[in-house]
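As structure tokens, the structure follows; a few thoughts come after it.
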Amino acid sequence: MTSSLELGPITRALMRNKLGVVLIALQIAFTMTVIVNAIDIIHDRTLKITSPTGMEEDDIFSIRSFGFDSSINAQVLIDEDLDMIRQLPGVVDASRVNAVPASGSGSSSGYAIEPGRRELTVPAAQYSVDEHALNTMGLTLVAGRDFTPEDVRRRTATETRSADQIIVSLALAEEMFPGEGLQAVGRTIYSAEDKPLRIIGIVERLQSPWPNATDWIVERSLMIPDVVIDNSSIYLVRTVPGQRDALMADVEERLAGAGYDRILMNNKSVAQMRTELYRMDTAMARVLYTVIGTLIFITALGIIGLAVFSINKRRKQIGTRRALGATRGGILRYLLVENLLISAAGVLFGAVLTIGFNIFLVRTFDIPRLDWYYAPLGMLVLLLLGQMAALGPAVNASRVAPAQAISPSH
């Protein structure tokens with residue numbers, strides 16, 4: 059039926075049911091706006107949730123020791139604890155650190171390539187570590203060397219003398235020396251106090267303790283061999299694969315039985331830390347998935363409902379067309395083209411709403427801008443959804459017999 063593909067008759071038929079057509083088009087536009095932006099947010103959250111810290115995460119845990127006996131020799135206690143932990147079967151290495159990547163707690167500062175140039179300051183996370191830290195974390199050294207025992211400065215909190223050599227993440231090196239990150243070994247940067255710090259090594263990746271922070275600090279980190287001796291210690295422990303959980307309990311039991319007055323707390327694996335840190339992001343993703351599924355279901359029902367209502371109103375007209383020679387395929391094409399026009403109007407308006415809503419989200423909540431391909435893909439998906447939803451009613455309509463055109467019951 060050639061005339062069934064003409065847009066004129068189809069458009070005039072749609073105008074006879076303006077309210078239903080407008081409501082479905084608006085529903086499609088609203089659904090597209092929410093779904094596309096929700097998927098973009100989920101994608102952004104998923105990238106952060108799955109972003110690697112640079113460590114051998116599956117085999118690492120940390121435990122905090124807080125001594126409350128002022129007579130304790132903190133240096134002796136730390137040395138005894140670490141010696142005991144390192145000698146346990148299944149332990150690869152152990153280190154005393156001030157913070158753990160992805161833990162949500164740590165310290166940061168600003169660094170510049172010239173002294174006194176505050177406008178050149180680059181913020182970065184700072185890890186105070188000993189010579190075992192790089193091996194304990196399982197970081198990949200891509201340039202330079204690791205710390206040696208001679209590099210480590212051990213001092214009390216009141217002493218100002220600190221280390222002057224650092225290992226930096228590749229991301230920080232690239233930020234400080236654009237295009238020359240891997241050649242940054244041997245160069246000097248300056249702390250917020252204008253103290254010179256010489257780069258002796260570069261690791262491929264070392265995430266900050268705050269992976270949910272703004273992007274400019276997440277991957278920028280440095281390690282300084284500066285150990286402050288006090289009664290509070292965070293021990294980071296790396297185990298051979300498969301023995302982490304057993305050693306977590308063993309280490310805590312042995313530290314508790316060492317005979318010192320102290321409190322042991324926060325005995326957690328890196329996996330546990332990540333789960334806790336990203337709990338809200340995971341919950342948000344689940345809620346958004348539910349919203350997406352619900353909207354798709356409601357939109358599909360709306361399209362089906364409009365198609366069924368329109369077909370029932372025109373059943374006699376369809377029967378007449380069949381009696382005049384229209385084929386089943388012609389009727390099917392006519393109804394699908396009709397639905398395609400409604401869906402097209404909806405997704406075109408939806409594309410405008412999607413971009414506008416994303417601009418609002420970017421300005422209000424500081425989320426990344428929508429990639430260019432999201433809107434076209436959203437339009438395509440909604441068009442396919444509309445056609446799939448209308449296919450069933452359209453097929454049923456194509457089966458209307460010519461006799462129904464003269465049936466009194468229709």
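The numbering of the sequence shown is this note's numbering, which starts it at 59 and goes up by one.
We treat Cβ as the ideally placed atom computed from N, Cα and C, and that holds for glycine.
Remember, it's a predicted structure, so these values are computed and weren't measured experimentally.
Going by DSSP, which residues form a beta bridge with residue i?
i	result
Thr348	According to DSSP, Thr348 bridges with nothing at all.
Gln223	Arg256
Thr333	Answer by DSSP bridge pairing: none, since Thr333 is not bridged.
Arg33	With the chain covering 59 to 468 only, the question about residue 33 has no answer from this structure.
Thr340	None, per the DSSP bridge assignment.
Ile369	Paired residue(s): none; Ile369 is not in a bridge.
Ser54	Examination of residue 54 is not possible in this model, given that the chain is present from 59 through 468 alone.
Thr297	Val149
Just to confirm the assignment, what range does the beta strand (DSSP E) spanning residue i have?
i	result
Asp308	Note, Asp308: premise wrong, no beta strand (DSSP E); alpha helix (DSSP H) at Arg302 to Ala314.
Val286	Asp284 to Val286
Pro181	Val180 to Ser186
Ala201	Leu199 to Gly202
Leu230	Leu230 -> not in any beta strand (DSSP E); alpha helix (DSSP H) instead, spanning Leu228 to Met234.
Ile247	Thr246 to Tyr248
Gly168	Ser165 to Tyr169
Give me, in chain order, the residues of the same chain whose beta-carbon lies closer than 7 Å to that of residue i; leave out the 5 immediate sequence neighbours on both sides.
i	result
Leu178	Ala170, Ile171 and Glu172
Val150	Arg296, Thr297 and Val298
Ser153	Val187, Asp188, His190, Ala191, Thr194 and Leu294
Leu364	Gly78 and Ile82
Asp308	Leu146
Looking only at its own chain, which residues have a Cβ that is under 6 Å from the Cβ of residue i, when we skip the five neighbours before and after it?
i	result
Ser165	Gln184
Val94	Thr412, Tyr432 and Gly436
Ile425	Leu419
Pro207	Glu189
Ala403	Ala83
Ala231	Gly239, Ala242 and Ile260
Leu449	none
For residue i, which of helix, strand or coil comes out of DSSP?
i	result
Met113	coil
Gln265	coil
Ala452	helix
Asn416	helix
Tyr392	helix
Asp151	strand
Ala459	coil
Ser401	helix
Arg213	strand
Thr69	helix
Pro426	coil
Ala157	coil
Phe205	coil
Pro173	coil
Gly237	coil
Gly360	helix
Val328	helix
Gly387	helix
Gly444	helix
Val469	The requested residue 469 does not occur in the structure, where the chain is confined to residues 59 to 468.
Tyr432	helix
Gly162	coil
Gly317	coil
Could you tell me the boundaries of the alpha helix (DSSP H) in which residue i lies?
i	result
Ile99	Lys76 to Thr108
Gly377	Arg373 to Ala381
Gln145	Ala132 to Gln145
Ala191	Ala191 to Met195
Going along the chain, which residues of its own chain have a beta-carbon closer than 8 Å to the beta-carbon of residue i, five neighbours each way excluded?
i	result
Ile369	Ile376, Leu393, Pro451, Ala452, Asn454 and Ala455
Pro267	Ala157, Val158, Pro159, Ala160, Ser161, Gly162, Ser163, Gly164 and Ala183
Ile275	Ser166, Pro181, Ala182, Ala183, Ser266 and Trp268
Ile350	Val92, Ile93, Ala96 and Ile97
His468	Its pLDDT being 48, under 50, His468 is placed unreliably by the model, and the measurement read from it follows with that caveat. Here the set comprises Arg373, Lys374, Gly377 and Gln462.
Ser220	Arg211, Arg213, Lys253, Ile282 and Asp284
Ala459	Gly377 and Arg380
Gln133	Arg212 and Ile287
Ala304	Gly148
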